[in-house]
Every structure is written in structure tokens, then in C-alpha cells.
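Peer 1: Could you have a look at this structure, given as C-alpha cells, before my questions?
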């Protein structure tokens, strides 16, 4: 029962906090694996930061010519 309560608390967090928690976990694992070397300049860390920024943006709403509305999750 405790696990279900923890998951429900996590789902109630804002999207911003969820994304930061997720990518913070990956970043901490990289630091542990590579001994805290100069990770800021690696391509993977740059990709991770770009992906984080894309996930934080609000989806664009695009209208079709027929008048239907669809949502894109990424810009």
C-alpha cells in the first residue's frame, strides 16, 4: 500500500519537478560511473539538457485547414 501512495504522490508533482527528478537521476548515475570527470562538455550531457528543455516546453496547438485541432508534444 505504501508503494501506491508514493506513486500517487509522484504523479501529483508538477511536470517540471518530474522531469528534473528523472534527468537528475541519469546525471547522478553518470557522475558516479565516470568519477565526476568533466561531464559538462560531453555530447550525452548536452543531449540530455536539450531533451529536458524540450520536455519543459508547452505543446504547440496546430490547426488543420479543416478546422480540427491537434496537439504536438514537441515543438
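In our numbering, the protein residues as written are 19 to 93.
For every residue, glycine included, the Cβ atom is placed at its ideal position computed from N, Cα and C.
1) For residue 60 and residue 76, what's the separation of their Cα atoms in angstroms?
2) Does DSSP put residue 60 in a helix, in a strand, or in coil?
3) In whole angstroms, give me the CA-to-CA distance for residue 47 and residue 72.
4) Would you call the CB atoms of residue 66 and residue 45 closer than 8 Å?
5) So for residue 32, helix, strand or coil by DSSP?
Peer 2: This is what the structure holds:
1) 27 Å
2) Per DSSP, reduced to three states, the secondary structure at residue 60 is coil, with no helix or strand assignment.
3) 22 Å
4) Contact: yes.
5) Residue state, collapsed to three classes: coil.
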